[in-house]
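Peer 1: Position in the sequence shown (first residue = 1) + 3 = the numbering used here.
One structure, as structure tokens, below. Some questions next.
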Amino acid sequence: MLRKFLYSLLIIVGLLGGMYGYSLVRTDFRTDDGVAHRWRDYEGQWVVVNYFALWCAPCLREMPELNQFYLHSDEKTSLFAISFDDVSQDELVDIKRKFDIQFPVITHAEQPLPMVKPNSLPATFIIGPDGEVKKQLLGEQSAASLRSVIDILKTL
4 MLRKFLYSLL IIVGLLGGMY GYSLVRTDFR TDDGVAHRWR DYEGQWVVVN YFALWCAPCL
64 REMPELNQFY LHSDEKTSLF AISFDDVSQD ELVDIKRKFD IQFPVITHAE QPLPMVKPNS
124 LPATFIIGPD GEVKKQLLGE QSAASLRSVI DILKTL
């Protein structure tokens with residue numbers, strides 16, 4: 004009887020340990036540079052996620068502004084893009100080069116993203132330090148408008 008109990012306890016501890024270990028290494032999404040990311044790593048930070056497409060002229064016009072936002076953001080703010088359309092890795096490399104996209108592009112979400120795919124573009128999501136979507140912005144954005152929205156959200 005004691006042997007069955009100890010055996011069962013050992014199995015439970017092993018399963019719990021495996022689940023805990025998995026949660027430490029689980030990847031939520033990958034970016035075009037091959038880096039694996041976990042949303043947990045961005046707790047306490049502001050994350051900006053921009054959906055774009057090649058056929059969306061305002062999306063392409065805002066890329067220089069998004070680059071400026073990315074280059075001048077502090078370590079508590081991250082920026083990612085997501086292609087609205089499914090594109091191959093090679094196509095994405097060409098798109099980034101052609102439009103001088105200097106920030107990471109999410110290529111594969113292994114876990115659900117905190118936002119839903121928008122119905123119209125360009126669409127930018129502001130995710131707060133708690134991991135929740137705080138604001139969805141539709142239309143072309145500038146570096147200044149993104150900083151302003153985040154500054155306002157910080158006061159709420």
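Each residue gets a CB set at the ideal place from its N, CA and C atoms; glycine is no exception.
1. Buried or exposed for Gly-142, please, with buried defined as at least 16 other CB atoms from any protein chain shown within 10 angstroms of its CB.
2. Quick one: grab the DSSP three-state call for Ser-151.
3. In terms of alpha-carbon separation, which member of Pro-117, Val-50, Ile-153 and Glu-94 lies closest to Pro-110?
4. Where does Leu-74 land, buried or exposed, given buried means 16+ other C-beta within 10 angstroms?
5. Name the DSSP bridge partner or partners of Val-50?
6. Which of helix, strand or coil does DSSP assign to Thr-34?
7. What's the gap between the Cα of Val-38 and the Cα of Lys-101?
8. Closest to Gln-92 by CA distance: which of Ser-151, Asp-36 and Asp-133 is it?
9. When DSSP builds the beta bridges, which residues end up paired with Ser-76?
10. When DSSP builds the beta bridges, which residues end up paired with Leu-141?
Peer 2: Taking the coordinates as given:
1. Along the sequence shown, read from residue 1 onward, the residue named residue 142 stands at position 139. Label assigned to Gly-142: exposed.
2. As a first step, residue 151 is located in the sequence shown; it is residue number 148 there, counting from the start. Helix.
3. In the sequence shown, residue 110 corresponds to position 107, counting from 1. It is Thr, not Pro, that sits at residue 110 in the sequence shown. Ranking the options by Cα distance to Thr-110, first place goes to Glu-94.
4. What you label residue 74 is simply residue 71 of the sequence shown in a count that begins at 1. Result: exposed.
5. Working through the sequence shown from its first residue, we reach residue 50 at position 47. Paired residue(s): Ser-81 and Ile-130.
6. On the sequence shown, residue 34 is found 31 positions in, with the first residue counted as 1. Thr-34: strand per DSSP, three-state reduction.
7. Counting from 1 along the sequence shown, the entry for residue 38 is found at position 35. Counting from 1 along the sequence shown, the entry for residue 101 is found at position 98. Cα to Cα, Val-38 sits roughly 22 Å from Lys-101.
8. For the purposes of this step, residue 92 is taken as the residue at position 89 of the sequence shown. Comparing Cα-Cα distances from Gln-92 to each of Ser-151, Asp-36 and Asp-133, the minimum goes to Asp-36.
9. As a position in the sequence shown, residue 76 is number 73, starting the count at 1. Per DSSP, none; premise fails for Ser-76.
10. Position 138 of the sequence shown holds residue 141. Answer is Ala-126, bridged to Leu-141.
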